[in-house]
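Trainee: Chains as they are written, first to last, in my numbering: chain A, 16 to 652; chain B, 0 to 154; chain C, 2 to 243. Virtual Cβ for every residue (Gly too), placed ideally from N, Cα, C. Small disclaimer: the values here were computed from a predicted structure and weren't measured. Shown below is the structure under consideration.
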Amino acid sequence: MSKINTLEDLNKAAKRGLEAIIPSKTKIMVGMGTSGIASGAQAVYDALAEEIKKRKLDIILSKTGAMGMDCIEPLIDVVQPNKPRLAYSKMTAKKVPEVIDQIVKGAINGNKPAYRMDEEEFICLNENKQYLKGPVPKDLEGIPRIKEVSFYKKQMKLATRNCGMINFESIDEYIAKGGYISLFKALTKMKPEEIIEEIIASGLRGRGGGGFPAGVKWQTCRRAHGDIKYVICNGDEGDPGAYMDRSVMEGDPHSVIEGMIIGAVAIGSSQGFIYVRNEYPLAVANLQRALNQAREYGFLGKNILNSGFDFDLKISKGAGAFVCGESTALMTSLEGKAGEPRAKYIHTVEHGLWNRPSNLNNVETWANVPAIISRGAKWFSSIGCKNNSGTKVFCLVGKINNIGMVEVPMGIPLKEIIYEIGGGIPGGKKYKAVQTGGPSGGCLPDKLIDISVDFDALWEAGSMMGSGGMIVMDETTCMVDIARYFIDFLEFESCGKCVPCREGVQRMNEILQDICNGKGKEGDVELLESMSQGIVDGALCALGSTAPNPVLSTLKYFRDEYVAHVRDKKCPAGVCKALIRFSVSEEKCTGCGVCLKKCPTECISGEKKKTHVIDQTKCIKCGVCKESCKFDAIIVE
Amino acid sequence: MKTAKTIDKTVKDIIKKYGGDKTAMIAILQDVQEECRYLPKGALSSISKKMDVPLTRIYEIATFYNAFSLKPRGKYLVEVCAGTACHVQGAANLMDRLERDLSIECGETTQDKTFTLEEVRCLGCCSLAPVLRIGADVHPNLTQDEIPKILRNYK
Amino acid sequence: MKVGEMVNFIIDGKKVEAEEGATVLQVARANNIAIPTLCCHESVAPSGACRLCVVEVKKGKRTRIVTSCLYPVDEGIVVDTKTERVLNVRRLVMQLLMARCPESDVLKDMAKQMGVEPQPAFHPETDKGKCVLCRLCVKACEDVVGVNAIGLAGRGKKKAVGPPYMEDSKTCIGCGACAYVCPTEHIVMESTNSKRKIWGRTFKMQACDKCGRYFAPIDQLKFISDKTGTPMTELAVCISCK
Numbered sequence: 016m017s018k019i020n021t022l023e024d025l026n027k028a029a030k031r032g033l034e035a036i037i038p039s040k041t042k043i044m045v046g047m048g049t050s051g052i053a054s055g056a057q058a059v060y061d062a063l064a065e066e067i068k069k070r071k072l073d074i075i076l077s078k079t080g081a082m083g084m085d086c087i088e089p090l091i092d093v094v095q096p097n098k099p100r101l102a103y104s105k106m107t108a109k110k111v112p113e114v115i116d117q118i119v120k121g122a123i124n125g126n127k128p129a130y131r132m133d134e135e136e137f138i139c140l141n142e143n144k145q146y147l148k149g150p151v152p153k154d155l156e157g158i159p160r161i162k163e164v165s166f167y168k169k170q171m172k173l174a175t176r177n178c179g180m181i182n183f184e185s186i187d188e189y190i191a192k193g194g195y196i197s198l199f200k201a202l203t204k205m206k207p208e209e210i211i212e213e214i215i216a217s218g219l220r221g222r223g224g225g226g227f228p229a230g231v232k233w234q235t236c237r238r239a240h241g242d243i244k245y246v247i248c249n250g251d252e253g254d255p256g257a258y259m260d261r262s263v264m265e266g267d268p269h270s271v272i273e274g275m276i277i278g279a280v281a282i283g284s285s286q287g288f289i290y291v292r293n294e295y296p297l298a299v300a301n302l303q304r305a306l307n308q309a310r311e312y313g314f315l316g317k318n319i320l321n322s323g324f325d326f327d328l329k330i331s332k333g334a335g336a337f338v339c340g341e342s343t344a345l346m347t348s349l350e351g352k353a354g355e356p357r358a359k360y361i362h363t364v365e366h367g368l369w370n371r372p373s374n375l376n377n378v379e380t381w382a383n384v385p386a387i388i389s390r391g392a393k394w395f396s397s398i399g400c401k402n403n404s405g406t407k408v409f410c411l412v413g414k415i416n417n418i419g420m421v422e423v424p425m426g427i428p429l430k431e432i433i434y435e436i437g438g439g440i441p442g443g444k445k446y447k448a449v450q451t452g453g454p455s456g457g458c459l460p461d462k463l464i465d466i467s468v469d470f471d472a473l474w475e476a477g478s479m480m481g482s483g484g485m486i487v488m489d490e491t492t493c494m495v496d497i498a499r500y501f502i503d504f505l506e507f508e509s510c511g512k513c514v515p516c517r518e519g520v521q522r523m524n525e526i527l528q529d530i531c532n533g534k535g536k537e538g539d540v541e542l543l544e545s546m547s548q549g550i551v552d553g554a555l556c557a558l559g560s561t562a563p564n565p566v567l568s569t570l571k572y573f574r575d576e577y578v579a580h581v582r583d584k585k586c587p588a589g590v591c592k593a594l595i596r597f598s599v600s601e602e603k604c605t606g607c608g609v610c611l612k613k614c615p616t617e618c619i620s621g622e623k624k625k626t627h628v629i630d631q632t633k634c635i636k637c638g639v640c641k642e643s644c645k646f647d648a649i650i651v652e
Numbered sequence: 000m001k002t003a004k005t006i007d008k009t010v011k012d013i014i015k016k017y018g019g020d021k022t023a024m025i026a027i028l029q030d031v032q033e034e035c036r037y038l039p040k041g042a043l044s045s046i047s048k049k050m051d052v053p054l055t056r057i058y059e060i061a062t063f064y065n066a067f068s069l070k071p072r073g074k075y076l077v078e079v080c081a082g083t084a085c086h087v088q089g090a091a092n093l094m095d096r097l098e099r100d101l102s103i104e105c106g107e108t109t110q111d112k113t114f115t116l117e118e119v120r121c122l123g124c125c126s127l128a129p130v131l132r133i134g135a136d137v138h139p140n141l142t143q144d145e146i147p148k149i150l151r152n153y154k
Numbered sequence: 002m003k004v005g006e007m008v009n010f011i012i013d014g015k016k017v018e019a020e021e022g023a024t025v026l027q028v029a030r031a032n033n034i035a036i037p038t039l040c041c042h043e044s045v046a047p048s049g050a051c052r053l054c055v056v057e058v059k060k061g062k063r064t065r066i067v068t069s070c071l072y073p074v075d076e077g078i079v080v081d082t083k084t085e086r087v088l089n090v091r092r093l094v095m096q097l098l099m100a101r102c103p104e105s106d107v108l109k110d111m112a113k114q115m116g117v118e119p120q121p122a123f124h125p126e127t128d129k130g131k132c133v134l135c136r137l138c139v140k141a142c143e144d145v146v147g148v149n150a151i152g153l154a155g156r157g158k159k160k161a162v163g164p165p166y167m168e169d170s171k172t173c174i175g176c177g178a179c180a181y182v183c184p185t186e187h188i189v190m191e192s193t194n195s196k197r198k199i200w201g202r203t204f205k206m207q208a209c210d211k212c213g214r215y216f217a218p219i220d221q222l223k224f225i226s227d228k229t230g231t232p233m234t235e236l237a238v239c240i241s242c243k
């Protein structure tokens with residue numbers, strides 16, 4: 016690949032890319048993000064390769080990232096000339112021959128596609144490109160369009176614009192979608208101060224959770240003293256249940272790279288770092304490949320686009336420490352040390368990595384930058400709601416029908432995310448709360464279901480946007496157990512430097528463990544509350560100072576559950592083992608004996624077709640009986 | 000288990016790969032761990048000598064991050080995802096069952112050195128919760144009673 | 002930061018002037034305002050680990066709780082060293098430390114002076130000794146002496162101070178700097194006439210060539226000799242006889 020120096024060169028690459036996106040021959044894209052692979056996409060990919068080889072077909076096989084609807088993975092998309100793009104869900108190696116048949120014969124029988132796409136949005140270019148020239152073939156009219164699928168209807172893919180859409184191994188496809196045009200604009204048509212003004216005007220706020228105006232951060236860094244400055248990408252997505260950043264790094268690594276180069280131009284930096292969690296090997300691999308490609312094209316390195324600007328990026332892996340998602344701890348880790356945070360009285364934009372001005376932003380924040388420079392601040396700020404422009408990527412997980420990654424305009428009511436996009440609660444159960452902001456956040460109960468999902472509204476409600484994890488809970492979730500879960504996590508992940516976090520979170524955990532184990536005492540809840548303020552005020556970093564949030568939030572909206580645990584020694588949701596009892600319902604038990612066989616402690620006895628009995632002295636409350644009973648005859652109270 | 004000589008050579012090669020860059024200590028330790036399946040004492044001493052970095056600093060790093068193990072790990076790393084989504088879907092029960100079936104506690108290795116049991120947060124496969132990973136294999140949507148059968152495949 | 006320029010601010014209602022670059026703690030102490038500390042020592046840089054020295058600072062519209070040992074003074078700030086929020090943090094820190102180190106008289110005395118009662122709901126720990134993880138010992142060994150015999154290990158509640166693997170130290174020179182800076186007497190150096198014992202090692206002391214008094218471990222003198230090039234014979238004379 017030769018260097019790209021002019022817009023003409025770029026357009027040539029774009030042309031190549033477009034031919035790959037909307038090819039003149041059949042292409043099958045396999046969703047090969049981490050969750051796709053976990054659900055069996057590799058076997059599907061291999062089976063497709065084999066079938067194509069066996070039948071000597073001229074079909075392109077390519078890999079793409081996750082588009083978001085994880086619950087129907089493995090997903091493959093079939094693109095045939097002059098036909099809508101068709102998505103086949105829950106693919107298996109076994110289904111491959113039939114799908115290939117449909118491609119070859121051109122007719123749909125049996126395994127129906129889940130949805131179709133007649134066109135693709137090229138957001139950075141402000142145009143839509145059609146997959147087909149004429150009308151939709153009659154036999155495909157019944158396949159719903161992607162925008163008709165309730166999961167996708169209200170979504171707006173901006174930061175994740177290319178995830179699941181392009182081959183993540185191809186820089187040309189990225190370019191075809193408007194990639195690196197913004198870099199040209201930023202380097203050849205804008206002054207650094209103009210770039211910063213554009214980002215400020217766009218209203219882009221940090222997507223890592225802080226919500227600090229990105230442009231203002233860039234400006235402060237630019238103005239800081241020092242010739243050597245750094246731009247850093249925080250890819251240490253540690254909130255359990257959040258994988259938005261992973262999806263972007265895997266599915267569209269160039270969006271992050273381009274964003275960072277633009278940031279470097281604006282700030283005046285010649286060296287950048289992408290700090291990626293150790294637990295994301297595919298993201299690291301895809302980023303590394305993309306970096307190599309960017310260097311080959313001359314977007315990284317010396318004299319980029321003949322502008323005299325030098326900049327390069329390096330990937331640094333984490334080694335398993337949640338605290339390294341905190342900016343000062345991350346920088347300490349980049350320096351090759353144990354990732355302990357430090358006071359931020361002197362900001363990292365002035366004294367950061369190796370004491371030099373450093374601008375750190377989250378993956379999603381960087382990924383938005385090229386789109387903002389392409390389409391303009393006015394366009395970006397027209398999306399979302401007041402003071403909260405643009406979109407936010409969330410991971411909707413837990414007790415929800417449509418589990419997956421979603422991107423929505425800021426300000427969307429929570430209700431729409433849960434019931435329209437998420438499809439509501441499985442098993443007909445009742446929504447209880449959604450946890451946002453991970454271990455630093457709080458829960459939003461049913462009475463707040465109409466809340467606007469934006470930085471400010473969530474903060475006021477006692478939670479926070481956080482990085483984007485949304486854990487949905489139903490009536491079978493114990494909120495005291497959830498608080499205990501988060502505190503236990505933070506105790507393990509605390510760096511141990513300061514007393515309020517190291518000792519305080521530990522003590523909160525002890526109290527919560529006691530409460531969940533039936534040893535809660537009067538005054539425990541009050542002690543948790545009184546300790547919280549001291550920890551919030553006294554902790555050195557945000558891990559510690561936000562640690563009490565899940566406790567305070569669950570106390571605010573579910574105090575009755577705490578009271579039940581402490582005073583009545585009961586767990587209303589039926590979760591805390593020490594406070595529940597498993598028994599068999601006489602009415603519903605058919606005496607089938609399945610639970611008896613599966614019980615690991617052999618504490619269930621009973622004759623065939625007669626009601627079985629659980630020996631409470633041997634029961635360890637593992638729940639296997641309830642899991643395996645087809646008649647819902649196990650009572651938990 | 001590698002000999003002291005092999006460990007020394009491994010360390011030498013890895014340090015060379017990173018150009019002796021002291022700021023790459025974490026990456027160096029990760030590569031050593033990858034080769035030796037844990038961080039042997041001899042490896043840390045060797046790194047300390049070759050890179051002129053105090054052993055205390057290296058030990059601090061090796062004991063700070065979750066990825067590092069100072070004890071030899073079993074042939075298979077059994078990781079129970081304890082992310083919030085998996086927790087809400089019953090991951091605690093999976094861990095309890097594994098602890099009982101393997102007769103070890105989380106963080107320990109079985110006597111025959113086949114399995115090391117650990118918690119991981121989070122694998123990011125939340126639509127498949129609760130999830131277990133053994134080696135590179137992800138086992139989705141698990142129920143407790145599937146565990147004995149799965150473990151048998153790895154013996 | 003332009004060191005040398007003076008700034009004016011208010012602390013506990015008092016107008017003070019200080020040099021830019023100074024910390025709130027330094028200025029407070031210079032003005033006879035008492036702020037408790039534990040992890041602070043003149044010979045090492047502050048770390049902000051214990052949080053006892055917290056104060057409330059109002060800068061512009063923003064009020065924050067910060068550690069005075071690290072917070073740089075600035076023009077126009079208003080500092081309060083005894084607000085309810087501040088006292089609340091200090092109380093919690095002392096209660097947590099007393100539960101961590103129930104045997105420490107130093108902590109008990111400090112708490113008494115501060116009017117803090119122990120929190121009975123915090124079960125006393127039994128395996129932490131008197132170590133509050135102030136890390137002064139580590140900093141002394143690393144930055145002042147430069148031996149790096151002890152360091153921090155582990156994370157969170159498992160964090161501890163000591164030689165690698167908590168084994169008898171191979172590199173300690175027996176200088177005792179760590180014991181000297183330890184605020185709670187957790188680090189104990191056993192000294193007899195001709196020997197010192199610390200971190201699992203016994204050190205032979207050097208007798209002064211002139212007066213015969215045992216004054217420093219031989220290993221410490223060897224360390225100094227290696228570092229400075231001064232021959233051992235020159236170092237084998239105690240300070241009084243020099």
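Out of C:D144, C:A208 and C:C70, state which residue places its alpha-carbon closest to the alpha-carbon of V45 (chain C).
Mentor: Of the listed residues, the one whose Cα sits closest to V45 (chain C) is C:D144.
Trainee: Look at V590 (chain A) and D496 (chain A) and say whether their C-beta atoms are less than 8 Å apart.
Mentor: The answer is yes: Cβ separation under 8 Å.
Trainee: Which whole-angstrom value is the C-beta distance of V280 (chain A) and I210 (chain A), which I expect to be below 8 Å?
Mentor: Sure, about 6 Å apart at Cβ, within 8 Å.
Trainee: Pick from A:M425, A:K414 and A:V520: whose alpha carbon is nearest that of M485 (chain A)?
Mentor: Minimum Cα distance to M485 (chain A) is reached at A:K414.
Trainee: Rank A:E508, A:V487, A:D61 and A:A201 by C-alpha distance to the C-alpha of K444 (chain A) and give the top, closest one.
Mentor: Nearest C-alpha to K444 (chain A): A:V487.
Trainee: Excluding the five sequence neighbours on either side, which residues of its own chain have a C-beta within less than 7 Å of the C-beta of E379 (chain A), listed in chain order?
Mentor: Cβ neighbours of E379 (chain A) beyond the five flanking positions: A174, R222, M259, D260, V263 and V408.
Trainee: Could you work out which residues of chain A lie near K140 (chain C), taking near to mean beta carbons separated by less than 9 Å?
Mentor: Here the premise fails: no neighbours, minimum Cβ distance about 13 Å.
Trainee: Along chain C, which residues have their Cβ under 7 Å away from the Cβ of K512 (chain A)?
Mentor: A50, listed in chain order.
Trainee: Given this structure, state the Cα-to-Cα distance separating R131 (chain A) from K172 (chain A), to the nearest angstrom.
Mentor: Taking the straight line joining both Cα atoms gives about 17 Å.
Trainee: Enumerate in chain order the residues of its own chain whose CB-to-CB distance from W369 (chain A) is below 7 Å, with the five nearest sequence positions on each side excluded.
Mentor: Once the five neighbours on either side are set aside, the close Cβ partners of W369 (chain A) are E350.
Trainee: Our contact map puts G419 (chain A) next to F166 (chain A) with C-beta atoms below 8 Å; I'd like the distance itself, whole angstroms only.
Mentor: Their Cβ separation, rounded to whole angstroms, is 7 Å, which keeps G419 (chain A) and F166 (chain A) in contact under 8 Å.
Trainee: What does the alpha-carbon distance come out to for the pair M2 (chain C) and G22 (chain C)?
Mentor: Because the pLDDT at M2 (chain C) is just 49, under 50, the model does not fix this residue reliably, and the value given afterwards should be weighed accordingly. If I take the Cα positions, the gap works out to 7 Å.
Trainee: With three or more C-beta pairs closer than 8 Å as the rule, is the stretch 268-277 of chain A touching the stretch 196-204 of chain A?
Mentor: Touching, yes, given that three or more Cβ pairs across the two stretches are closer than 8 Å.
Trainee: Decide if K11 (chain B) is buried, meaning its Cβ has at least 16 other Cβ atoms within 10 Å, or exposed.
Mentor: Looking at its Cβ environment, which holds fewer than 16 other Cβ atoms inside 10 Å, K11 (chain B) is exposed.
Trainee: Rank A:R517, A:G367, A:V338 and A:V514 by C-alpha distance to the C-alpha of I243 (chain A) and give the top, closest one.
Mentor: With distances taken between Cα atoms, I243 (chain A) lies closest to A:G367.
Trainee: Take S331 (chain A) and list the residues in its own chain whose beta-carbon comes closer than 6 Å to its own, dropping the five residues that flank it on each side.
Mentor: Same-chain partners within the cutoff: F288, Y290 and L349.
Trainee: At a Cβ threshold of 8 Å, is N149 (chain C) touching chain A?
Mentor: No - not a single Cβ of chain A is within 8 Å of the one on N149 (chain C).
Trainee: Can you tell me whether DSSP reads C644 (chain A) as helix, strand or coil?
Mentor: If DSSP states are grouped into helix, strand and coil, C644 (chain A) belongs with coil.
Trainee: Just to make sure I have the definition right: I need the residues of chain A whose C-beta is within less than 7 Å of the C-beta of T68 (chain C). Which are they?
Mentor: Chain A residues near T68 (chain C): A358.
Trainee: Keeping to the same chain, check which residues put their C-beta closer than 6 Å to that of C556 (chain A); ignore five residues upstream and five downstream.
Mentor: Cβ within range, chain order: E341 and P356.
Trainee: Would you say S68 (chain B) reaches chain A, if we count a Cβ-Cβ gap shorter than 8 Å as a contact?
Mentor: No, because no Cβ of chain A sits closer than 8 Å to the Cβ of S68 (chain B).
Trainee: Is there a C-beta anywhere in chain B that falls below 8 Å from the one on C86 (chain A)?
Mentor: Yes, its Cβ sits closer than 8 Å to a Cβ of chain B.
Trainee: Beta-carbon within less than 6 Å of E191 (chain C)'s beta-carbon, same chain only, minus the 5 sequence neighbours each way: which residues are those?
Mentor: For E191 (chain C), where only same-chain residues beyond five positions count, the Cβ hits under 6 Å are K198.
Trainee: For Y245 (chain A) and G230 (chain A), what's the separation of their Cα atoms in angstroms?
Mentor: C-alpha separation (whole angstroms): 15 Å.
Trainee: The stretch 55-81 of chain B: which residues have C-beta closer than 9 Å to a C-beta of chain C, in chain order?
Mentor: Residues T55, R56, I57, Y58, E59, A61, T62, F63, Y64, N65 and L69.
Trainee: Any contact of the stretch 538-555 of chain A with the stretch 125-142 of chain C, i.e. 3+ C-beta pairs under 8 Å?
Mentor: Because the criterion of three Cβ pairs below 8 Å is not met, the stretch 538-555 of chain A and the stretch 125-142 of chain C do not touch.
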